[in-house]
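In terms of our numbering, the first sequence opens at residue -6 and continues consecutively.
Every residue, glycine too, gets a C-beta built ideally from N, C-alpha and C.
Encoded as structure tokens, the structure appears first; notes follow it.
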Amino acid sequence: MVAIVWFRNDLRLTDHLALDAALKTGNPILPIFIYDSIHSRSFGEASKWWLHHSLSSLKRTLNLLKADLIFQQGNAFEILKNIAEQIPLSHIFWNRRYDAEGMQQDIQVKSYFKETNIICHSFNGSLLFEPHTIKNKEGKPFKVFSAFWKHCLSQHSVQEPIPAPTHLSFDKKFNEISHTLDSLELLPKLGWIKGLEESWSPGEENAQKNFDFFLKNSLKNYKKNRDYPTLKTSRLSPYIRRGEISVRQLWRAIHQHAIFSKEVDSECFLSELGWREFSYHTLFHHPDLEEIPLKKDFEAFPWEKNPNHFDAWTKGLTGYPIVDAGMRELWRTGYMHNRVRMITASFLVKHLLQPWQNGEKWFWDTLVDADVASNPFNWQWVAGCGADAAPYFRIFNPILQGEKFDPQGEYIRSWVPELRDVPDDFIHTPWLYENRPSDYPEPLVHHSKAREKALKAFKAM
DNA sequence: TGAAATGTTGGGGCG
DNA sequence: ACGCCCCAACATTTC
């Protein structure tokens, strides 16, 4: 009899509860990844690039244990049924997901195999707290982050992470049903991946390395430094996205390390994990998060839908240096610093009055960390229609934000070469500089006019 | 996890 | 010395 471990958003061996349970059966293990098409939208290009390398890394790690990763493509339910007809299965183990289509499929699989003698068992592999266990006094989901997080911290504990297995029983015959990783065609056909390759090394081992580096070097002063786009944050998001590192492990390590760093820094980092939790719990309760604003008033908002403005924003040609630098960092590296994500997103929604859903889709396609919960949640937050969202009148001033967080224009110059020779005094307002470079665009909109216009429109709603 | 407008305060220049 | 004005600097409120 064989136990399947169905890998999804948990591409690691450390603190993998589904894998651990499979090992405890004592049966040979068939680790499988199924590239499914049940989701109404497929992974973004950057995300697929990451996934390819993450899978390749997991496969190598399994090879070291004399096992392998089996690849399949198609409807996972049909594929699992099919395998069960060819191989005598005892169990199927997996770690849970929280998007509507994924959960629906998991229920489908579970209820089908209930009729057979094959036992399906699922675990929490990606969250600190299970969404259905976190409720306010009225038994409803939290709508405000601080109350949510306070409740989590005081009422619930995080399970201790478990170590990776040192050996694993595998049958070489399993390879007969495997496709090749390349046949999944996850790598983009465009010659666009150079920047990704230069910026990132996916995989569990690199996740651990980066986290160790963060603990040693960047956790100190994290709270203050994380706002400056030229300084390194943890850069763990894409690893967390694919489960290459477990949030329970991050949680424990930060607590153990807390004695070496200031409490504000540890707390600040942990609360970022808290926002991720809050995103997932919100997705769990609002499956259509990527399309439908949580605040219904926003459904009637008169967005402008100007394709030229949207296009200029995607290309980093808005004429606002900090916005353009961010959008170009994104295109080049599949990543954008958190502070700059807020500035660029606010600019699209509030200065250009473009629908937040369009921005969300662009980020979904271009971010290596594009996440089914965090991405729509944070876009709704910026637009003002989300949970505990920024109020409509909170409009980032792209000039002031630049001056505050990139005072010497170092970040801007690194991503917008046209502005390299503009003096510091004009780096955030190049249109005022007499010798402004001719190859850099004039601002798409006038800041204070756009601000007034947005305030009026949102107030009318 | 803002920014701008408006209000208040207090030191210094000056008649 | 005193009152008046100006205007940073800071605080509060409004969007």
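Presumed contact (8 Å Cβ cut-off) between residue i and residue j, rounded CB distance
i: S264; j: W142; result: 6 Å
i: L360; j: G37; result: 7 Å
i: H421; j: G379; result: Actually they do not touch by this definition, with Cβ atoms about 28 Å apart.
i: K308; j: P348; result: Between P348 and K308 the Cβ distance is about 18 Å, and since that is not below 8 Å, they are no contact.
i: R383; j: W374; result: Sequence inspection shows Ala at residue 383; the Arg mentioned does not correspond to that position. Indeed they touch by this definition, with Cβ atoms about 6 Å apart.
Alpha-carbon to alpha-carbon, residue j and residue i
i: W355; j: I111; result: 41 Å
i: A93; j: Q401; result: 45 Å
i: A60; j: N168; result: 10 Å
i: L177; j: A251; result: 42 Å
i: H440; j: S194; result: 39 Å
i: V316; j: F340; result: 8 Å
i: I63; j: F163; result: 11 Å
i: W185; j: A447; result: 35 Å
i: I22; j: S104; result: 22 Å
i: I405; j: F138; result: 32 Å
i: E270; j: S367; result: 9 Å
i: N68; j: I100; result: 14 Å
i: F389; j: I336; result: 6 Å
i: Y426; j: W(-1); result: 58 Å
i: K397; j: M96; result: 43 Å
Residue i in three-state terms, based on DSSP
i: A(-4); result: strand
i: C113; result: strand
i: S83; result: strand
i: H172; result: strand
i: I22; result: strand
i: Q65; result: strand
i: Y404; result: helix
Closest residue to residue i among the options (Cα-Cα distance)
i: G319; options: G379, P280 and Y221; result: Y221
i: E455; options: V102, Y91, L82 and W306; result: Because the chain spans -6 through 454 in this model, residue 455 falls outside it and cannot be assessed.
i: F419; options: L437, I336, M335 and Y313; result: Y313
i: A338; options: A376, K308 and F207; result: A376
i: S385; options: D290, S30 and R53; result: The displayed chain sequence assigns Tyr, not Ser, to residue 385. Closest by alpha carbon: D290.
i: P430; options: P158, F204, V151 and P416; result: P416
i: F424; options: P436, D414, N75 and M335; result: It should be pointed out that residue 424 corresponds to Trp in this sequence rather than to Phe. The shortest Cα separation from W424 among P436, D414, N75 and M335 belongs to P436.
i: I233; options: K442, M(-6), N2 and I80; result: N2
i: W268; options: R53, E108 and F135; result: F135
i: L212; options: V333, L243 and R413; result: L243
i: M329; options: F277, A246, Y273 and K225; result: K225
i: H248; options: S259, I238 and S239; result: S259
i: D399; options: P300, R219 and D432; result: R219
i: N331; options: S227, K452 and H144; result: S227
Beta-carbon proximity check, residue i vs residue j, cutoff 7 Å
i: P455; j: D362; result: Look at the range of the chain in this structure, -6 to 454, and you will see that residue 455 is not part of it.
i: T311; j: F370; result: no
i: G196; j: T326; result: no
i: E123; j: N117; result: yes
i: L16; j: P158; result: yes
i: H160; j: L55; result: no
i: D8; j: R241; result: yes
i: Q65; j: I27; result: yes
i: L4; j: E237; result: yes
i: L174; j: S47; result: no
i: Y273; j: L146; result: no
i: H114; j: F86; result: yes
i: F277; j: Y215; result: no
i: S239; j: P156; result: no
i: E411; j: D432; result: yes
i: A11; j: H84; result: no
i: W296; j: L346; result: yes
i: L183; j: H45; result: no
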